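So the structure is just underneath, and the comments pick up after that.
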Amino acid sequence: MYKVRLRFEKEGTARFISHLDLMQVFQRSFSRAAIPLWQTEGFNRHAYVSIALPMPVGVTGRSEFLEFGLNGEEIPPELTDRLNRALPPGIRAIEAYPAVRPVKEMAFGLYRIGISAPGGMSDEQRERAETLLSNHETRLIKKSKSGEKEVALRDFLLGEPAWEPSDGGLAVTLRLGVGQESLSPLAVTRMLKERIPDAKNWDFAVERTEILDAKGEIFR
Amino acid sequence: MKKELESFLGAVQKPSRYTGGEYGAILKDKQAVRFRFCLCFPDLYEIGMSHLGSRILYGVYNRDPDIWCERCYAPWTDMEAELRGRGLSLYALESGDPLRAFDMLGFTLQYELNYTNMLNMLDMAGIEPFAAERGEDDPLIVAGGPCVYNCEPVADFFDLIMIGEGEEISPALAHLYMDTRAAGGTKADFLKEAAKLQGVYVPSFYTPLYDEGGRFAGMDVREGAPETVVKTIIEDFDKAYFPSEGIVPSTGIVFDRAMVELFRGCARGCRFCQAGHTYRPLRAKKPETLMAQAKALVQSTGFEELSLSSLSTSDYGELGALCDGLLNWTEGAGVSLSLPSLRADSFKIDLMERVQKVRKSGLTFAPEAGTPRLRDVINKNLTEEDLLSACRIAFDGGWNNVKLYFMLGLPTETDEDLAGIADMAASVLHCWRSSNANKNRGVKITVSVSSFVPKSHTPFQWTGQCPMEELRRKQEFLKEKLKRMRNVTYNYHEAKTSYLEAVFSRGDRRLAPAIYDAWRSGCRMDSWDDCFDLGKWLAAFEKNNVDPAFYANRALDLSDKLPWAHISCGVTDEYFKREYRRAMEGKASPDCLKNCVGCGADRLLKGGKCHV
Numbered sequence: 009m010y011k012v013r014l015r016f017e018k019e020g021t022a023r024f025i026s027h028l029d030l031m032q033v034f035q036r037s038f039s040r041a042a043i044p045l046w047q048t049e050g051f052n053r054h055a056y057v058s059i060a061l062p063m064p065v066g067v068t069g070r071s072e073f074l075e076f077g078l079n080g081e082e083i084p085p086e087l088t089d090r091l092n093r094a095l096p097p098g099i100r101a102i103e104a105y106p107a108v109r110p111v112k113e114m115a116f117g118l119y120r121i122g123i124s125a126p127g128g129m130s131d132e133q134r135e136r137a138e139t140l141l142s143n144h145e146t147r148l149i150k151k152s153k154s155g156e157k158e159v160a161l162r163d164f165l166l167g168e169p170a171w172e173p174s175d176g177g178l179a180v181t182l183r184l185g186v187g188q189e190s191l192s193p194l195a196v197t198r199m200l201k202e203r204i205p206d207a208k209n210w211d212f213a214v215e216r217t218e219i220l221d222a223k224g225e226i227f228r
Numbered sequence: 021m022k023k024e025l026e027s028f029l030g031a032v033q034k035p036s037r038y039t040g041g042e043y044g045a046i047l048k049d050k051q052a053v054r055f056r057f058c059l060c061f062p063d064l065y066e067i068g069m070s071h072l073g074s075r076i077l078y079g080v081y082n083r084d085p086d087i088w089c090e091r092c093y094a095p096w097t098d099m100e101a102e103l104r105g106r107g108l109s110l111y112a113l114e115s116g117d118p119l120r121a122f123d124m125l126g127f128t129l130q131y132e133l134n135y136t137n138m139l140n141m142l143d144m145a146g147i148e149p150f151a152a153e154r155g156e157d158d159p160l161i162v163a164g165g166p167c168v169y170n171c172e173p174v175a176d177f178f179d180l181i182m183i184g185e186g187e188e189i190s191p192a193l194a195h196l197y198m199d200t201r202a203a204g205g206t207k208a209d210f211l212k213e214a215a216k217l218q219g220v221y222v223p224s225f226y227t228p229l230y231d232e233g234g235r236f237a238g239m240d241v242r243e244g245a246p247e248t249v250v251k252t253i254i255e256d257f258d259k260a261y262f263p264s265e266g267i268v269p270s271t272g273i274v275f276d277r278a279m280v281e282l283f284r285g286c287a288r289g290c291r292f293c294q295a296g297h298t299y300r301p302l303r304a305k306k307p308e309t310l311m312a313q314a315k316a317l318v319q320s321t322g323f324e325e326l327s328l329s330s331l332s333t334s335d336y337g338e339l340g341a342l343c344d345g346l347l348n349w350t351e352g353a354g355v356s357l358s359l360p361s362l363r364a365d366s367f368k369i370d371l372m373e374r375v376q377k378v379r380k381s382g383l384t385f386a387p388e389a390g391t392p393r394l395r396d397v398i399n400k401n402l403t404e405e406d407l408l409s410a411c412r413i414a415f416d417g418g419w420n421n422v423k424l425y426f427m428l429g430l431p432t433e434t435d436e437d438l439a440g441i442a443d444m445a446a447s448v449l450h451c452w453r454s455s456n457a458n459k460n461r462g463v464k465i466t467v468s469v470s471s472f473v474p475k476s477h478t479p480f481q482w483t484g485q486c487p488m489e490e491l492r493r494k495q496e497f498l499k500e501k502l503k504r505m506r507n508v509t510y511n512y513h514e515a516k517t518s519y520l521e522a523v524f525s526r527g528d529r530r531l532a533p534a535i536y537d538a539w540r541s542g543c544r545m546d547s548w549d550d551c552f553d554l555g556k557w558l559a560a561f562e563k564n565n566v567d568p569a570f571y572a573n574r575a576l577d578l579s580d581k582l583p584w585a586h587i588s589c590g591v592t593d594e595y596f597k598r599e600y601r602r603a604m605e606g607k608a609s610p611d612c613l614k615n616c617v618g619c620g621a622d623r624l625l626k627g628g629k630c631h632v
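Protein chains in written order, with my numbering: chain A, 9 to 228; chain B, 21 to 632.
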């Protein structure tokens with residue numbers, strides 16, 4: 009098997025496609041694009057595709073990764089163009105290249121969380137939001153298959169969150185762990201909603217813009 | 021997708037049900053079309069997207085440049101709460117526009133227990149459920165699908181109902197509506213013209229009459245509408261439109277595969293089966309046509325499975341040749357074939373071996389009744405020898421999972437017939453033990469029983485349903501019989517849902533207020549066990565002085581007037597009566613591939629001759 013890495017974008021309606029469903033979406037898109045995938049050996053043969061990092065439903069991904077197997081030794085010409093004609097709206101292949109760097113080197117996600125407060129945001133609320141994310145003692149609820157547990161934000165955060173004004177309110181950029189030691193950006197937005205007074209109707213637009221390695225460098 | 025949905029979609033279960041944006045969904049410029057139609061499926065997305073008929077109609081409408089056809093499905097309760105809580109209308113998946121923006125909403129009525137979902141969808145769109153309450157500015161609300169053969173319980177909710185196959189009549193009606201409106205005509209003008217077309221039923225032109233005893237006494241027909249509405253059919257089924265493209269859902273659905281339709285109709289004439297009568301006459305596609313359609317569909321959608329669908333797939337004359345032709349390219353393309361609706365008497369092991377090379381999933385057979393006597397009554401011409409020889413071949417061939425479907429509460433059924441079900445399961449088990457199967461792998465035999473529901477347009481339309489308590493006793497009786505059988509799993513459907521189905525399947529117009537009240541009291545998603553609440557239904561019946569047993573359990577006299585008699589599927593009343601009498605005499609009838617039984621459906625074809 010010739011293992012290829014596809015970098016892609018997932019936005020719009022496609023944000024709501026779940027992790028498991030997304031793999032099938034890709035399998036069928038490869039099939040529509042007439043790009044034969046390498047099939048697993050054994051009893052129940054199926055095309056090999058793998059998405060390294062699951063993303064919470066509803067989050068936009070600007071630079072996500074899919075690994076897939078090809079039978080030959082080279083990437084078919086115009087693979088991304090052909091794939092883009094076969095993908096559903098909202099999913100766009102950016103580039104494909106041999107998967108050299110191991111997936112386990114993916115360590116952090118670079119997230120941008122846009123916060124909009126329908127009734128406007130008070131200075132107190134703004135300060136509260138900033139304090140909650142800059143105070144490394146802040147605790148939040150991490151949800152996983154095995155249940156919920158309370159964790160400290162600092163154990164998952166790389167560097168300091170950066171704030172900027174945005175239309176409708178505020179935006180924050182922060183680096184959160186992915187892979188083994190991961191924290192969902194939705195755990196952060198849930199915490200903000202609960203801990204900031206009168207923030208129940210706030211809307212959060214969450215984007216993962218890059219995947220980073222342990223040093224905080226962009227992963228490819 | 022509309023902006024306001026984005027903030028909460030992440031919080032509902034399976035949000036991709038509600039986003040649209042699948043590959044193959046059709047977007048058009050709404051300013052550039054003359055007619056906007058929304059296919060409304062009154063059940064969840066996963067169910068509705070699995071429905072082949074809707075896929076065909078979606079293609080039929082959208083290939084017409086004047087029409088944009090979109091889709092809408094019933095939202096699950098969590099999504100309903102979000103939409104209602106925010107004052108948002110139910111919307112179509114393609115444009116995101118509220119349903120009120122459409123010219124026509126077409127509901128497909130596949131199952132009686134979806135009726136409350138239909139009302140709920142209208143209400144969530146801000147549309148009055150009763151047709152009489154709606155005005156000129158409201159969309160036209162129409163229906164089609166199998167339940168329309170007796171649509172009387174819901175007739176008052178619809179402006180128009182299409183009886184039969186919709187490929188040709190649906191766009192024709194759309195154009196009639198466009199032209200009527202363009203000429204300044206009203207809805208009433210349109211309905212009057214539409215009622216002249218074959219297969220069109222305008223309920224408001226028909227007023228039911230009842231005698232002093234409260235029994236149905238016929239219809240008072242006005243506006244020149246026909247006394248009997250005869251269904252429409254596609255005469256040349258081989259040339260019928262079939263979409264070579266389609267929507268590929270971005271989330272798992274129930275039938276998540278490409279489907280081609282081998283033939284329409286069924287030759288068998290099982291007396292309990294409505295589809296077996298209402299889809300007559302039998303019309304098949306040529307293998308070449310099917311091969312071309314299947315290949316185009318698989319290539320354009322990327323589905324990894326292809327299903328050869330029909331009411332009785334093993335009855336397709338050239339099934340072997342068709343499968344060989346398909347396997348020529350599917351095997352190389354990593355596409356698997358599935359053959360649903362196989363009968364044990366025409367089970368061809370070599371075919372199954374070829375189709376399921378690696379994975380030997382379970383095999384399902386439907387003897388329906390436990391004794392030869394009762395199988396003759398229901399005209400299920402299947403012998404125990406047929407079943408056992410099919411099982412033996414299957415066990416020898418490596419299958420170790422067999423499912424057997426039966427019905428309880430069939431007309432003339434006795435405890436002896438129920439004991440016969442257990443005996444059949446024991447015989448199948450014995451067959452496995454004496455087969456060449458690898459015994460270390462074990463065997464799983466599933467006996468699955470449902471309760472008989474008398475349906476309109478069948479020879480059993482005059483029989484009453486067995487009372488609920490008696491159905492439960494029968495279920496327990498069989499449970500006892502099967503209890504000690506190792507390797508046999510027994511499961512059964514709740515009798516209470518079958519009871520409600522029976523109320524509607526032979527119901528009349530007086531049920532509409534009760535359906536409305538049941539929905540008002542919170543009934544919806546009735547086909548889902550965790551939502552179904554018989555208590556609410558019984559209260560709604562009581563409030564409207566409706567005795568559900570009058571509809572479900574009462575046996576009708578052959579001379580009684582039937583509330584659905586003005587709807588014809590082409591099969592004659594005389595045939596149904598003759599078959600009813602033969603059933604009561606315990607006599608089977610041949611299938612029409614062997615011998616024409618004179619059902620009358622051949623009159624629907626030009627020249628009056630079946631193509632069998």
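No residue lacks a Cβ here, since even glycine has one placed at the ideal position from N, Cα and C.
None of these values were measured; they are calculated from a predicted model.
In chain order, what residues of the same chain have a beta carbon less than 8 Å from the beta carbon of residue i, not counting five sequence neighbours either side?
i, result
"B:LYS607", "ASP396"
"B:LEU408", "SER447, VAL448, CYS451"
"B:PHE323", "VAL268, ASP276, ARG277, ALA278, LEU317, VAL355"
"B:LEU47", "GLU114, SER115"
Relative to the alpha-carbon of residue i, which residue among the options has its alpha-carbon at the smallest distance?
i, options, result
"A:LEU165", "A:GLU172, A:ALA195, A:LYS153, A:GLU49", "A:ALA195"
"B:LYS629", "B:THR403, B:GLU255, B:PRO387, B:ALA585", "B:GLU255"
"B:GLY266", "B:ARG493, B:LEU578, B:GLN319, B:LEU582", "B:GLN319"
"B:ILE161", "B:ALA121, B:ASN421, B:THR333, B:PHE561", "B:ALA121"
"A:LEU178", "A:GLU103, A:SER124, A:VAL159, A:GLU218", "A:SER124"
"B:PHE236", "B:ASP577, B:GLY542, B:THR478", "B:ASP577"
"A:THR139", "A:PRO169, A:GLU81, A:GLY127", "A:PRO169"
"B:THR97", "B:MET124, B:GLY542, B:ALA603", "B:GLY542"
"A:LEU28", "A:GLY20, A:ALA60, A:LEU14, A:LYS11", "A:ALA60"
What residues match up with residue i in a beta bridge as DSSP calls it?
i, result
"B:ILE273", "Beta-bridge pairing links B:ILE273 to no other residue."
"B:ARG303", "B:ARG284"
"B:TYR93", "B:PHE61"
"B:VAL241", "B:TYR226"
"A:GLU215", "A:THR68, A:ARG120"
"B:LEU424", "B:PHE385, B:VAL467"
"A:ALA160", "A:ARG147"
"B:ARG56", "B:TRP88"
"A:PHE34", "Looking at the DSSP assignment, A:PHE34 forms no beta bridge with any residue, so it has no partner."
"B:PRO118", "B:TYR111"
Kindly list the residues whose CB is nearer than 6 Å to the CB of residue i, restricted to its own chain and excluding five residues on each side of it in sequence; keep chain order.
i, result
"B:LEU133", "ASP546, SER547"
"A:SER26", "VAL65"
"B:GLY429", "SER471, PHE472, CYS486, LEU491"
"B:ALA304", "PHE283"
Run down chain A in chain order and give the residues with a C-beta less than 8 Å from the C-beta of residue i.
i, result
"B:VAL375", "Correct list: empty, because the minimum Cβ distance to chain A is about 16 Å."
"B:PRO35", "PHE24, VAL65, GLY66"
"B:SER27", "ASP211"
Could you pull out every residue in the same chain whose Cβ sits closer than 7 Å to the Cβ of residue i, ignoring the five residues on either side in sequence?
i, result
"A:LYS201", "ALA207, LYS208, TRP210"
"A:PHE24", "VAL65, GLY66"
How would you list, in chain order, the residues of chain B whose beta-carbon sits under 7 Å from the beta-carbon of residue i?
i, result
"A:ALA179", "Result: empty, since nearest Cβ-Cβ is about 16 Å, beyond 7 Å."
"A:GLY98", "GLY41"
"A:THR21", "MET21, THR39, GLY40, GLY41"
"A:VAL33", "SER270"
In chain B, which residues lie with their C-beta within 9 Å of the C-beta of residue i?
i, result
"A:ARG40", "TYR43, VAL268, GLN319, SER320, THR321, GLY322"
So with CB distances below 7 Å, who are the chain A contacts of residue i?
i, result
"B:GLY272", "ASP29"
List, in order along the chain, the chain A residues whose C-beta lies closer than 9 Å to that of residue i?
i, result
"B:GLY354", "SER39, PRO44, LEU45, GLN47, ARG53, HIS54, ALA55"
### Task
With a floor of 3 residues, list each beta strand (DSSP E) that falls wholly inside the region 128-184 of chain B, ordered by position along the chain.
Positions of the beta strand (DSSP E) runs, each at least 3 residues long and wholly inside the region 128-184 of chain B, are given as 160-164, 180-182 in order along the chain.
### Query
Which residue spans inside the region 456-507 of chain B form an unbroken beta strand (DSSP E) run of at least 3?
Runs found: 464-471.
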